[in-house]
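Numbering (my numbering), first residue to last: 21 to 310. Note that the Cβ used here is the ideal one computed from N, Cα and C, for glycine as well. The model shown is predicted, which means the values in this text are computed figures rather than measured ones.
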Amino acid sequence: MQSWMRWRTDNKTLMASLPHAFEFNYCLAILARAITAYPMRMKRLLAVLLVAVATYASAAPECRQFSPSGQPPVLANAKLAAKTRMLCYSDFAVLHSGVTHGPLWSAEYLTRAHLMAAKGELRTNRFHAETTLPEGEGATLADYRKSGYDRGHMSPAGDQWNDEAMAESFTLANMVPQNPTNNRRLWAHIEEAVRRMAIDGGDTYVVTGPMFTGRQLKTIGATGVFVPTQLFKVVYVQSQQLAFAIVVNNEATNRYDVESVHELEAASGLRFPGIPESLKDKRIGGLNGV
């Protein structure tokens, strides 16, 4: 142990004397020496570093403005963790899955000014495949054709306040297969209620996504796009210290469930570190107008 501590201390002193331009390469050399000299200790350290790097990557600077305290949702479901990619757009961010071939969540920061501007923005309906994804990971327009499902927005078109944001919202990376009646009726009313809440109550963070429960999940198209069993929204009105979740079955229904954030975390396999723990057990009675 003493030799390990002395080696670490000596190299820390040397590091302090190096110009910053050389620090990265020097760190790589030090890491290589450490792995050779102390393989078991470094194995444990590398495991920690990999988690840290993954966390940093998921919170890329250009995405942080859509999450409270710059902390995006964390995926705790190991089955869905493979082939995930953060996609940052001008008005929302998506964690995309190459396993489900769609978003695992879509995050927005709704302001009164943007939502008032969105009322005058024309919906384009120009759905398109996401070209930045590796081949085979994203859904295609053909996957949805004659599937019986709508291309359901996670970050709604109705929230988008300029031409760029509107166009981006129609990427299939922001879509899941959604029951048509659900999408056009109940879900549309929920989206509108959240917009009214943000306009009247203050700037609001919203995370929307699919849930996949059960052993036999449906898929559509040649790509095999997973069909969600439920959809959720997590809403956090920071100025009012209000946080809650809405869950809807992906079917023709007029029913929605209001849950606490903790309940949604347990059911979804997601964690919401930007929402204070003190608010995660609270819930509301319902949404006005739904």
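About 7 angstroms separates the beta carbon of L135 from that of D179, a gap short enough to meet the 8 angstroms contact definition.
Taking C-beta atoms as the reference points, L251 and P230 count as a pair closer than 9 angstroms.
The beta-carbon distance between M186 and R171, rounded to whole angstroms, is 15 angstroms. This is too long to meet the 8 angstroms contact definition. DSSP places I266 inside the beta strand (DSSP E), whose first and last residues are 262-269.
Here A149 has G158, A159, T160, L161, T191, L192 as same chain residues with Cβ atoms under 8 angstroms from its own Cβ, once five neighbours each way along the sequence are excluded. Straight-line spacing of the CA atoms in G168 and T201 works out to 11 angstroms. When secondary structure is reduced to three states using DSSP, I210 falls in the helix class.
By the Cβ-count criterion, P154 is exposed, with fewer than 16 other Cβ atoms from all chains shown falling within 10 Å of its own Cβ.
In the displayed model, H282 falls within a helix according to three-state DSSP. For D163, the closest C-alpha among the options G309, G244, L299 is that of G244. Judged by DSSP secondary structure, H134 falls within the alpha helix (DSSP H) whose first and last residues are 132-138.
Following the DSSP letters along the chain, one finds D163 inside the alpha helix (DSSP H) bounded by residues 161-164. Bridge pairing for H173: M195 [DSSP]. Fewer than three Cβ pairs drawn from the region 82-89 and the region 270-279 lie within less than 8 angstroms of each other, which leaves the two stretches out of contact. Comparing alpha carbon positions, the residue from G309, G221, A265 closest to T131 is G221. For V227, the CB contacts under 6 angstroms within the same chain, skipping 5 residues up- and downstream, are P93, W125, A127, V254 in chain order. Considering only A113, G156, A265, G140, the residue with the shortest C-alpha distance to H173 is A113.
9 angstroms or more divides the Cβ of L290 from the Cβ of V267. Shown here, E297 sits in a helix according to DSSP, grouped into three states.
Counting only the Cα atoms, L107 lies some 6 angstroms from L115. Shown here, P123 sits in a strand according to DSSP, grouped into three states. Residue pairing by DSSP places I304 in no beta bridge whatsoever. Residue pairing for C83: DSSP places it in no beta bridge. Closest by C-alpha distance to A133, out of T224, A102, S175, H121, is T224. Residue state for Q236 is assigned as coil, using DSSP reduced to three classes.
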